[in-house]
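Q:
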Amino acid sequence: MRDAELSVVVPMYDEEEVLPIFFERMHPLLDGLGISYELLVVDDGSRDRTAALLLEAANDWPQLRVVRLLRNSGHQAAQSAGFRRARGRYVVTIDADLQDPPEVIPEFLAAAREQDVDVVYGVRSDRSSDSWPKRTTARLYYRLMCRLVGKDIPFDAADFRLVSRRVVDAVNALPEDGRVFRLVIPWLGFPSAEVRYIRAERAAGTTKYNLTKMLRLAFDSVTAFSAAPLRLATWLGLLGGLLSVMFVVGALLIKLTGRGIPGWTSTVLAVSVIGAIQLLCLGLLGEYVARLFQSSQRRPQFLVGYDSLEDQGHQEPVP
Ligand code: UDP
Ligand code: MG
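Below is the structure:
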């Protein structure tokens, strides 16, 4: 399986509960495709028994390849690791929690071959399994991203998709860190197709995307593609400046007409309005500076501690 036809990349973080069900559905499906494949699980520094279960399963499933990251580096970084190591002519990324039905993978392959495209997006035709706040924030996110990327990015296409080797090589050649796959891939602009599917509930376990990780994704998405917030900061700064000039003129006029000292309220208002605007601008600047800082450090975004393909002798996971 030096050059597999298909690599299925699965980032996993603390997924011991869903792992057995996932393999139960994945194994016959992949075997039934009748092509050479590898199932490349990227263990994103799990703290539970995920790693041990993976290595156990790999014993009697030669196509199962386990890559362990030394520490939890996040969903997107785990995908980067998968892209770097995948050897397939086609690479499918899928979540471990069975929200993305593996049965769609053959449809992806068929679409890629029949329509001769490099990218096949899995698009959710129904989001009713998600909660209302999640749906609303997701809609906002996709609308904003369409504007920022300057291309039609498929709505409700997350990280369940197929890409060809050409796309994998192009993504790997990008020097940037903190890449957001669902934006970078449409941005590259390869010919694409869509396959609709119904997103299921998580089969077991709980979400591994907490609020911090979701905000991280949103900030990375915006700062990777647009300097508009930076310009917004300038405009807000100008507006703040204008407001403060008006306050000063008003205060002077009141003083000149001798109608008493302007109220305490307006002082507090001025201080807080300007203070708020300044803080906002500083925060926005900070986001970009942090990004520059991170990329200037040139630290690896992830470190691979183990790859079952290279490290046949040492099958014991680090506890
Ligand atoms: N995941 C990961 N690292 C993380 C968080 C999540 O590899 O730090 C994986 C997780 O195991 C799953 C996928 O990313 O396979 C999507 O996560 P999840 O299903 O928890 O996100 P949700 O569907 O709730 O947005
Ligand atoms: Mg999920």
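Position one of the sequence shown corresponds to residue 1 (the UniProt record's numbering), numbered consecutively onward.
All C-beta atoms, glycine included, are put in the ideal place defined by N, C-alpha and C.
1. Measure the beta-carbon distance from VAL123 to PRO154 and round it to whole angstroms, keeping in mind my assumption that it falls under 8 Å.
2. Along the chain, which unbroken stretches of the beta strand (DSSP E) at least 3 residues long are found entirely within the segment 191-243?
3. Identify which residue in GLN301, TYR141 and SER7 has its Cα closest to the Cα of VAL92.
4. State the DSSP-derived secondary structure class of GLU38, mapped to helix, strand or coil.
5. Is GLN79 buried or exposed, if buried means 16 or more other CB atoms sit within 10 Å of its CB?
6. How would you label PRO319, buried or exposed, when you count the other beta carbons within 10 angstroms and need 16 or more for buried?
7. Quick one: Cα of ASN210 to Cα of LEU217, how far?
8. Can you grab the Cα-Cα spacing for the pair GLN63 / LEU40, in whole Å?
9. Measure the alpha-carbon distance for ALA77 versus ARG47 and round it to whole angstroms.
10. In whole angstroms, what separates the C-alpha of ALA224 from that of ARG259?
11. Check whether the segment 154-168 and the segment 277-289 touch, using three or more Cβ-Cβ pairs below 8 Å as the test.
12. Is the segment 183-200 close to the segment 117-135, with three or more CB pairs under 8 Å?
13. To the nearest angstrom, how far is it from the Cα of VAL222 to the Cα of VAL184?
14. Rounded to the nearest angstrom, what separates MET1 and TYR90 at their Cα positions?
15. Is the closest heavy atom of the ligand PLP to the C-beta of GLN99 under 7 Å?
16. Look at LEU303 and LEU69 and say whether their C-beta atoms are less than 8 Å apart.
17. If we ignore side chains and look at the alpha-carbon of each, how far apart do GLY150 and LEU140 end up?
18. Looking at the ligand UDP, does it come within less than 7 Å of ASP220, judged from the CB to the closest heavy atom?
19. Between TYR209 and the ligand UDP, is there a pair consisting of the residue's CB and a ligand heavy atom that are separated by less than 7 Å?
20. For residue 320, does the three-state DSSP call read helix, strand or coil?
21. Suppose the cutoff is 8 Å on Cβ atoms and the five residues either side in sequence are ignored; what does the same chain contact list for GLU5 look like?
22. Does any heavy atom of the ligand UDP sit closer than 7 Å to the C-beta of GLU15?
23. Could you tell me which of LEU292, SER73, ASP152 and ASP156 sits nearest to THR137, measuring between CA atoms?
24. Could you have a look at ASP169 and say whether DSSP puts it in helix, strand or coil?
25. Rounded to whole angstroms, what is the Cα-Cα separation between SER129 and PHE108?
26. Exposed or buried, which one is ALA270 when buried takes at least 16 other CB atoms within 10 Å?
A: Looking at the coordinates:
1. 5 Å
2. Counting whole runs of 3 or more residues, the segment 191-243 contains the beta strand (DSSP E) stretches 192-198.
3. Closest by alpha carbon: SER7.
4. strand
5. Taking all protein chains shown into account, GLN79 has 16 or more neighbouring C-beta atoms within 10 Å of its C-beta and is therefore buried.
6. Note that PRO319 scores 41 on pLDDT, short of 50, meaning its location in the model is unreliable; the coordinates nonetheless yield the value given after this. By the 10 Å Cβ count, PRO319 comes out exposed.
7. Computed Cα separation, rounded: 11 Å.
8. 8 Å
9. 17 Å
10. 53 Å
11. no
12. yes
13. 12 Å
14. Any answer about MET1 is weak, because its pLDDT of 49 lies below 50 and its placement is not dependable; what the coordinates show is given next. Roughly 14 Å separates the two Cα atoms.
15. What this structure holds is the ligand UDP and the ligand MG, not the ligand PLP.
16. Contact annotation: LEU303 and LEU69 have beta-carbon atoms nearer than 8 Å.
17. 16 Å
18. no
19. It does: the Cβ of TYR209 is within 7 Å (strictly closer) of some heavy atom of the ligand UDP.
20. Residue 320 is absent from the structure shown; the chain starts at 1 and stops at 319.
21. ILE35, SER36, TYR37, GLY88, ARG89 and TYR90
22. yes
23. ASP156
24. helix
25. Counting only the Cα atoms, PHE108 lies some 22 Å from SER129.
26. ALA270 is classed as buried because its beta carbon has at least 16 other beta carbons within 10 Å across all chains shown.
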